[in-house]
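*Asks:* Sharing a structure here in structure tokens format.
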Amino acid sequence: MPTAADPSLSHPQPDPPAVAGVARSDVRILLAADRPAARCFATKLLRDSGYRVEVAVDGFDVLGMLAEVKPDLLLLDGRMPRLDGFQVCALVKRHPGFAAMPVLILSDGGSLFARVRARLAGAWSCLPKPFTAEELLQAVSSALVHG
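The opening position of the sequence shown corresponds to residue 58 in the numbering used here, with each subsequent residue numbered one higher.
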């Protein structure tokens, strides 16, 4: 059992890589949310955690950016104008080049309906809003490792 004099207690240990054998700085996340505050919070949190983040304001932007960004993960707000996260996920999952990419949908309240809708669209998971920084980082890490 570690004691107060144990050096492991005074020096934080580095986080493990998000994907086995891949540094977080090599992981590209394409984030889409229509609310500026949500985009800013998630982008800052993910970048501060070492991820490379590209930002889109809606589903159409995501579709336009996919080929260029080549993300390892899509992080989509379930509620966006024009194309919401569920619709974008369903479209992306139909494309052979992106079908295996994990998609994490952020949904208001995280109702059973939203979780089922996310699964039917092909999402790896549905994270209910509001969420904590820790919950978002854990969901992203899990989606990258297991998705």
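Note that beta-carbon positions come from the ideal geometry of N, C-alpha and C, so glycine has one too.
(1) Report all residues from its chain with a CB closer than 7 Å to the CB of G121; omit the five preceding and five following residues, and keep chain order.
(2) State yes or no: is the C-beta of S165 within less than 8 Å of the C-beta of R139?
(3) Helix, strand or coil: which one does DSSP assign to A75?
(4) Using DSSP with H/G/I as helix, E/B as strand and the rest coil, what is D165?
(5) Where does A171 land, buried or exposed, given buried means 16+ other C-beta within 10 angstroms?
(6) Kindly list the residues whose CB is nearer than 6 Å to the CB of A90, restricted to its own chain and excluding five residues on each side of it in sequence; keep chain order.
(7) Go ahead and pull the three-state DSSP assignment for V205.
(8) Near P64, what residues of its chain come up, given a Cβ to Cβ distance below 7 Å and the 5 sequence neighbours on each side ignored?
(9) The alpha helix (DSSP H) with P128 in it runs from where to where?
(10) Under 8 Å, do L131 and V119 count as touching if we go by C-beta distance?
*Replies:* Walking through what the data contain:
(1) No residues qualify anywhere along the chain.
(2) The residue you asked about is not Ser; residue 165 is Asp in the sequence shown. Taking 8 Å as the cut-off, the Cβ atoms of D165 and R139 do not count as close.
(3) Here A75 scores only 46 on pLDDT, less than 50, and its place in the model is too uncertain to base an answer on.
(4) In the structure shown, D165 falls within a strand segment according to DSSP collapsed to helix, strand and coil.
(5) A residue is called buried when at least 16 other Cβ atoms come within 10 angstroms of its Cβ; A171 meets this threshold and is buried.
(6) These residues qualify, in order along the chain: R96 and D134.
(7) No answer is possible for residue 205: it lies beyond the span of the chain, which begins at 58 and ends at 204.
(8) Caution applies to P64, whose pLDDT of 41 falls short of 50 and renders its modelled position unreliable; the model cannot decide the point.
(9) Taken as a continuous stretch (DSSP letters only), P128 belongs to no alpha helix (DSSP H), as it is neither H nor E.
(10) Note that the C-beta distance between L131 and V119 is below 8 Å.
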